[in-house]
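For the sequence shown, my numbering begins at 59 and goes up steadily by one. Each residue gets a CB set at the ideal place from its N, CA and C atoms; glycine is no exception. Predicted, not measured: the structure shown is a model, and the values here were computed from it. Heads up, the thing below is written out as structure tokens.
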Amino acid sequence: MLHAVILIPFLLAVLIPLVKRIPHLHAGWAVLPVPTLLFAYFLMKVPDIQAGEPTVATVSWMPSLGMDITLVLDGLSLVFALLITGMGALVVLYSIYYLDKRMESIRNFYMYLLMFMGAMLGVVLSDNLMVLYGFWELTSITSFLLIAFWHRRERSRYGALKSMLITVFGGLAMFAGFNLLYVMSGTYSIREIIVQAGQLSAEPMFLPAMLLILLGAFTKSAQFPFHIWLPDAMEAPTPVSAYLHSATMVKAGLYLVARLTPVFAGNLEWFWLVSLVGLVTLLYGSFKAIKQTDLKAMLAFSTVSQLGLIMCLLGLGSAAAFFSGTEESVFYSMATAAAVFHLINHAVFKGTLFMVVGIVDHETNTRDLRKLGGLMSLMPVTFSVALIGAFSMAGLPPFSGFLSKEMFFTAVMDIRQLDIWSTQSWLVLIPVIAWIASVFTFVYSMILVFKTFTGKLQPEKLDKVPHEAPRGLLFSPVLLVSLAVFFAFFPDLLSSSLIEPAVASIQYGLLPPEKSLHVPIHFWHGWTPEIFMTLGVIAAGMLLYRGYGRLRILDREWSGRDSLNRMYDLGLRALEGGSARITNLYMTGSNRNYLLYIFGFFIIALGSTLLGAQGITLGMKDYAPISIYEVAVVAVMLVAAIAVLFAKSRVNAILFTGAVGYMVTLLFVIFRAPDLALTQMIVETVSVILFLLCFKYLPKLKQEKEKEKASFKWLNLILAAGVGLTMTLVALAAMGSSPFAPISEFFLNESYSLAGGKNVVNVILVDFRGFDTLFEIMVLGVASLGIYGLVNLRMEPGAIQVKKSKPAAYWFPLRSNDVILRTMSKGIVLIILTFSLYLFFAGHNHPGGGFIGALMTSAGLILMAISLGIEPVRKFLPVNYRILTAVGLLIAILTAAGSFAFGAPFLSHSFGHFDLPLLGDTELATAVLFDLGVYLAVVGVTMNIIFTIGGDE
59 MLHAVILIPF LLAVLIPLVK RIPHLHAGWA VLPVPTLLFA YFLMKVPDIQ
109 AGEPTVATVS WMPSLGMDIT LVLDGLSLVF ALLITGMGAL VVLYSIYYLD
159 KRMESIRNFY MYLLMFMGAM LGVVLSDNLM VLYGFWELTS ITSFLLIAFW
209 HRRERSRYGA LKSMLITVFG GLAMFAGFNL LYVMSGTYSI REIIVQAGQL
259 SAEPMFLPAM LLILLGAFTK SAQFPFHIWL PDAMEAPTPV SAYLHSATMV
309 KAGLYLVARL TPVFAGNLEW FWLVSLVGLV TLLYGSFKAI KQTDLKAMLA
359 FSTVSQLGLI MCLLGLGSAA AFFSGTEESV FYSMATAAAV FHLINHAVFK
409 GTLFMVVGIV DHETNTRDLR KLGGLMSLMP VTFSVALIGA FSMAGLPPFS
459 GFLSKEMFFT AVMDIRQLDI WSTQSWLVLI PVIAWIASVF TFVYSMILVF
509 KTFTGKLQPE KLDKVPHEAP RGLLFSPVLL VSLAVFFAFF PDLLSSSLIE
559 PAVASIQYGL LPPEKSLHVP IHFWHGWTPE IFMTLGVIAA GMLLYRGYGR
609 LRILDREWSG RDSLNRMYDL GLRALEGGSA RITNLYMTGS NRNYLLYIFG
659 FFIIALGSTL LGAQGITLGM KDYAPISIYE VAVVAVMLVA AIAVLFAKSR
709 VNAILFTGAV GYMVTLLFVI FRAPDLALTQ MIVETVSVIL FLLCFKYLPK
759 LKQEKEKEKA SFKWLNLILA AGVGLTMTLV ALAAMGSSPF APISEFFLNE
809 SYSLAGGKNV VNVILVDFRG FDTLFEIMVL GVASLGIYGL VNLRMEPGAI
859 QVKKSKPAAY WFPLRSNDVI LRTMSKGIVL IILTFSLYLF FAGHNHPGGG
909 FIGALMTSAG LILMAISLGI EPVRKFLPVN YRILTAVGLL IAILTAAGSF
959 AFGAPFLSHS FGHFDLPLLG DTELATAVLF DLGVYLAVVG VTMNIIFTIG
1009 GDE
């Protein structure tokens, strides 16, 4: 079921573009049931998790590499899953009233949002580090698309690119750290790595792995100094900000730190890095928030500040590892409980405030504090929601933010008692810095609500007359802010159901096994130091709020960008400029130069390896005798190859090149390889047509030859001879140096017993080496789309325009006027297409297969286009070949993933005998479905390339 939970958002995201738009119905209503039902599913799992019964589901993917798609729903992942789906449902509902349903890109918005939701669920549920990394990077890509939703705005594109560059940079570092963990532990499973945590700490690669993983977590969760992407990401639509930057994307780094705490928590470096980076981020973000005049920018820096607070708490909670299994570990685990509680509270009040700012922007057309004020009487409900949300963020009673802020103060006060490596004196600074940051938090919370809603209304500065928002826009923030009140008065309900199981997951193996963790949360604990700290925050905060406009250090943000952003901009420009200069040195526009670089490197790298490596011998024995037929074919091949050099026109060169290919076909026939012979023959036929289509754009060959010099030709000769000699040596070395027995015997012996096919070549393509075939057709599909885009793109000065040609305007430059050919081709094409279908269906046991059948089909369609023109082809087979390529890829992928339903690894196939009507006993194999995907994809790719180039006006 867990795998279906992740898959559902992706499936709906795929279906959204295919569904026809329904008039007068917002697309969001079709999306809303998905997060709502997923939230209900995870909510039903609360009793099981509370009882200590995590849900584990495993699908075998690549077991030989230790990569299985194992999903685990425990206390920690449940908290995040509820946030992802619950906030997702409220954000979708909010967006229905916030975004205009008439927008052309509204379906794209929901497609990106669902993909992001699925990716986040994948991150928090994955037990395999490699699977987690895949989903992690997918969150970066989908968040890039969401942030750049208003892609016509330069600032939106800038913010999206900035967020992706920084988070992907951290993700790559994290990827290296994951692999170091694998090298040390021998597994990618997080649960198995946690079991080995005690032995891993002594490994020399342990500290580098920790630092690399923390780099990924810090960049994702916007910790100082990597926080600079978050304020610029506020250019996204408000529903995106409310979702990504309050409950989901920015929390991924916190999740990673929490999940790997049992692995790294026993190290002092982890304690100091996580705690101090979080503390610095808390202080810096809260100070910067005060200086903003844009409401979303203020919320952005407040998010940075709150993320730092939670990160700091996770670091302080890791101190429990220094007293693993003792009562003191429970004492320090309260910091982790505070982190989980504030994680939930932050999603509640920050999601509320983002939606409030969206409402203010929606009703006034501005987020500038200098233009706002006096909205309380016009928008009383919005003001009330903003007041509760801001007071909860400031940590004021009687709201849930006060409770988690008190727990934060308790944690920073308790940490002073930690005495490890004589660091106790430095720990005194932690509560001081935490208190100062809390004062700033109080100030920006007051600015946010009172500078917006109180004071004097300035209608002359507003583009429209403000009024209360409609109920649809108010529903989500009102519900969220109600939770801030509910959690405050019933905290034990939240503690027992979510917080305690989550802390048990984070502190796995650190708490006493015989003692159940209890997290008491109360409003009043007496006149404790925490209460006096809160009173001091309120007093100092009120003084700063009243006078912050007159204090220079707290004055508004100075003009220009701060040093960190300037460093990022300068660094990016330097990288772009440097890469452009380096690229211009070798990207000269000369294909000959490019081939010179490629083949030169090829000769040097492989040649030096062959000469310098030990144990390389050239196999010169056990070869079959050479027949007269082989000598004749090779002789013709050599003559044709040499003739290419002396061809006077490109047409002759193409024909001689084709002759070389057809001689190779004859060699395959002599070697009794019918599949290869068929493939080679059809590839040569299609290639000749493609060459002719491409060469019509080039100048005459004679004009180029007049400019050639002798040195030019000699260098070509040396390079060609070097490549030929190198490949010959590689072939001989492969024959004479392999320490392993040939795998061909395995394929020949097991082809039918394991894959149900007698045609070994086809079985290898669709079963034994199915991964290769799947990736190959993907590459072909991307290449064909690239060709289509390049041919149809028309560059104009100062603009990019896409050519829009009508089908009737297309022509095929090789169309024949020969009456006999035009007449005979109609029957020949039907014969070719029939034969291609035979090749497809017979391919699993006889010569043929999806790839060969597709090429044969393409050859028949090309013959029709040459003889009759392109319009008859379009009428005969009225399909969009780009869509056909996508359908083929989808069939191949779904067939490969269908094995998951039967508990088998990805791309596993099955076969059996069935008694069918009329046909009797028939053998059927699932590989035929995969082969069908290959067939459709290859037909789509080939015909898209041919018709794109041949149909150019």
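Reduced DSSP category for residue i - H, G, I as helix; E, B as strand; rest coil
i, result
"Ile801", "coil"
"Glu111", "coil"
"Trp208", "coil"
"His576", "coil"
"Asp158", "coil"
"Gly343", "helix"
"Leu569", "coil"
"Ser247", "strand"
"Pro772", "In the sequence under discussion, the amino acid at residue 772 is Trp, which differs from the Pro named in the question. Helix."
"His904", "coil"
"Phe972", "strand"
"Thr116", "strand"
"Asn186", "strand"
"Leu90", "coil"
Continuous alpha helix (DSSP H) stretch holding residue i: start and end
i, result
"Ala231", "212 to 243"
"Trp493", "487 to 511"
"Met173", "164 to 183"
"Val523", "Segment: none, Val523 is in no alpha helix (DSSP H) and carries neither H nor E."
"His61", "60 to 73"
"Pro438", "438 to 452"
"Asp825", "Run containing Asp825: none; DSSP gives neither H nor E here."
"Met914", "908 to 926"
"Asp472", "458 to 472"
"Ser563", "558 to 564"
"Arg79", "Arg79 -> no alpha helix (DSSP H), and no H or E assigned at all."
"Ser363", "353 to 375"
"Pro528", "Premise fails: Pro528 is in no alpha helix (DSSP H) and is neither H nor E."
"Val818", "818 to 821"
"Gly605", "587 to 605"
"Asp550", "549 to 552"
Residue range of the beta strand (DSSP E) that includes residue i
i, result
"Ala983", "978 to 983"
"Met125", "125 to 131"
Cα-Cα separation between residue i and residue j, rounded to whole angstroms
i, j, result
"Lys466", "Gly636", "For the sequence presented, residue 466 should be read as Phe rather than Lys. Spanning the two alpha carbons is a distance of roughly 47 Å."
"Ala867", "Gly927", "Any reading at Ala867 needs caution, since the residue's pLDDT is 40, under 50, leaving its predicted position unreliable; the model's value is listed next. Roughly 12 Å separates the two Cα atoms."
"Val332", "Thr319", "10 Å"
"Ser299", "Lys278", "15 Å"
"Gly856", "Leu734", "Residue confidence for Gly856 is low, a pLDDT of 46 falling below 50, so the modelled location carries little weight; the figure read from the coordinates is stated next. Taking the straight line joining both Cα atoms gives about 49 Å."
"Lys514", "Ile417", "19 Å"
"Ala693", "Leu773", "25 Å"
"Arg639", "Trp287", "27 Å"
"Ala995", "Ile66", "25 Å"
"Ala71", "Tyr168", "7 Å"
"Ser163", "Ile920", "37 Å"
"Tyr191", "Val114", "19 Å"
"Arg249", "Tyr301", "29 Å"
"Leu783", "Glu688", "21 Å"
Check whether residue i and residue j have beta carbons under 9 Å apart
i, j, result
"Tyr655", "His420", "no"
"Thr394", "Ala316", "yes"
"Thr468", "Ala396", "yes"
"Gly716", "Val746", "yes"
"Leu204", "Gly146", "no"
"His904", "Ala983", "no"
"Met451", "Phe441", "no"
"Leu374", "Ile505", "no"
Neighbour flag for residue i against chain C, beta carbons, 9 Å
i, result
"Ala985", "Looking at the structure shown, chain C is missing, and only one protein chain is on hand."
Exercise for review: Within the region 258 to 329, note down every full beta strand (DSSP E) run reaching 3 residues or more, in order along the chain.
Suggested key: If we require 3 residues or more, the region 258 to 329 turns out to have no beta strand (DSSP E) run fully inside it.
Point to revise | Start-end ranges of the alpha helix (DSSP H) lying completely within the region 687 to 739, minimum 4 residues | key: Counting only runs of 4 or more, we get 708 to 728.
Exercise for review: Could you name each continuous alpha helix (DSSP H) segment of 4 residues or more that falls completely within the region 621 to 659, going from the start of the chain to the end?
Suggested key: With a minimum length of 4 residues, the continuous alpha helix (DSSP H) runs that stay inside the region 621 to 659 are 621 to 644.
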